[in-house]
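Report on the following structure.
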Amino acid sequence: MRKGIALFAAVVLMLTGCGSSAASQNTSAAAEPTKEAAAETQTEETKTEETQAAETQTEETQAEAVSTETDSAAQGEAAANADKAETGSTSDTLVIYFSRTGEQYTVGVIEKGNTAIVAEMIAEQTGADLFEVLPADDHYPMTYDALTEVARAEQNDNARPAYSGELPDLSGYSTVFIGAPVWWGDWPMIMYTVFENNDFSGKKLIPFSTHEGSGLSGFDDKLKSACPNAEVLKGLAIRGNDAQNAQEEVKKSVGSWLTELGF
Ligand SMILES: Cc1cc2nc3c(=O)[nH]c(=O)nc-3n(C[C@H](O)[C@H](O)[C@H](O)COP(=O)(O)O)c2cc1C
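For the record, in the sequence shown the residue sitting at position 130 is 140 according to the working numbering, with numbers rising by one throughout.
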């Protein structure tokens with residue numbers, strides 16, 4: 011219970027810091043966080059709140075997170091890395107996503123990642139193939155506090171962490187949804203490895219994020235910069251907590267966004 015109160019307080023503070031509304035979906039340009047808003051989430055104040063929230067986790071929760079079966083092996087099992095040739099898929103749409111299980115902000119220890127849930131909804135509603143980006147060497151901790159530190163170090167180092175395996179042959183896809191959790195106001199650095207190691211020229215790229223206050227965090231502009239020869243369409247931001255706990259609402263948000271995109 012203490013944990014719940016602490017996390018709730020942190021979220022409220024985060025929202026205040028970001029000036030975000032409770033609405034999770036960026037359905038209009040006005041609702042989408044600007045670069046400045048994303049930068050604002052990066053303020054030391056916000057980071058301190060996140061860190062404090064993690065620090066208030068009880069020893070019991072930490073132990074629960076560590077002992078959970080949602081370890082890297084399970085992450086691997088959860089992967090739905092599609093091989094078009096093998097599956098016989100005829101879809102021209104692919105969903106690429108990165109997501110973590112274990113202990114996550116505001117939701118405790120989760121068995122399916124927030125972004126994974128949204129990715130699967132998109133795939134289900136569009137008939138797209140799925141590819142999960144998994145770290146080659148899974149160095150990401152399963153506790154929130156430790157994960158924030160590793161992610162922060164990677165961002166500071168402008169790292170390009172390796173991912174496991176290869177994307178499906180992109181020549182078979184005209185549209186690629188790309189999603190990830192917001193990490194420190196940005197794409198997790200492993201996603202830049204994906205952007206830079208593959209040729210997305212001529213594709214329609216559609217970003218989506220899960221977050222706890224930062225919205226899309228400029229995922230669209232950052233994707234445009236990383237893949238200048240692709241066309242980047244309107245993105246979607248969903249609160250991670252909603253992905254876990256308000257799935258019917260999230261499905262509707264995803265559906266409206268897909269309709270707007272012409273699906
Ligand atoms: C390392 C790290 C950094 C984060 N940074 C932010 C942030 O800057 N803004 C935000 O709104 N949420 C932030 N979060 C919360 C995640 O974006 C959110 O919990 C997300 O839904 C997790 O998705 P996943 O389960 O697919 O990994 C962060 C979480 C982690 C672990």
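The beta-carbon is built from N, C-alpha and C at its ideal position, and this holds for glycine as well.
(request) May I ask you to report which of helix, strand or coil DSSP gives ALA126? (result) helix
(message) For the structure I just gave you, are there three or more beta carbon pairs, one from the region 182-197 and one from the region 101-108, closer than 8 Å?
(response) yes
(message) Quick check on ALA256: does DSSP put it in helix, strand or coil?
(response) coil
(request) Would you kindly work out how many angstroms separate the C-alpha atoms of LEU215 and ASP179, rounded to a whole number? (result) 15 Å
(message) Looking at TRP193: is its Cβ nearer than 8 Å to the Cβ of ALA161?
(response) yes
(message) Tell me the residue span of the beta strand (DSSP E) that contains GLU164.
(response) Taken as a continuous stretch (DSSP letters only), GLU164 belongs to no beta strand (DSSP E), being part of the alpha helix (DSSP H) at 154-166.
(message) Nearer than 7 Å: is that true of the beta carbon of GLU222 relative to any heavy atom of ligand 1?
(response) yes
(message) According to DSSP, PRO238 sits in a beta bridge with which residue or residues?
(response) For PRO238, which the question treats as bridged, DSSP gives no partner whatsoever.
(request) Determine the contact status of ALA146 and ALA172, defining contact as a CB-CB distance below 8 Å. (result) yes
(message) Would LEU226 and GLY195 qualify as a contact pair, given that the criterion is a beta-carbon distance under 8 Å?
(response) no
(request) Could you tell me the boundaries of the beta strand (DSSP E) in which PHE141 lies? (result) 139-142
(request) Let me know the secondary structure DSSP gives GLY189 once reduced to three states. (result) strand
(message) Distance check for LYS122 and GLU130, CA to CA, integer angstroms please.
(response) 11 Å
(request) Quick one: using the 10 Å Cβ neighbour count with 16 as the cut-off for buried, is GLY112 buried or exposed? (result) buried
(request) In the DSSP assignment, find the alpha helix (DSSP H) that holds TYR115 and state where it starts and stops. (result) Counting along the chain, TYR115 falls outside any alpha helix (DSSP H), and DSSP gives it neither H nor E.
(message) Tell me which residue opens and which closes the beta strand (DSSP E) that PHE218 is part of.
(response) 214-221
(request) Determine, using beta carbons only, whether GLN257 and ILE120 come nearer to each other than 8 Å. (result) no
(request) Please go through the same chain and pick out, in chain order, the residues whose beta-carbon is closer than 8 Å to the beta-carbon of MET265, but skip the five residues on each side of it. (result) Reading off the sequence, residue 265 comes out as Gly, not Met. Same-chain partners within the cutoff: GLN135.
(request) Determine the DSSP secondary structure at ALA247, reduced to helix, strand or coil. (result) strand
(request) Please state whether DSSP places LEU180 in a helix, a strand or coil. (result) helix
(message) Between VAL117, SER181, THR220, GLY228, which has its C-alpha nearest THR125's C-alpha?
(response) THR220
(message) Measuring only from the beta carbon, is THR103 closer than 7 Å to any heavy atom that is part of ligand 1?
(response) no
(request) Whole angstroms is fine: what's the gap from TYR150's alpha carbon to ILE200's? (result) 11 Å
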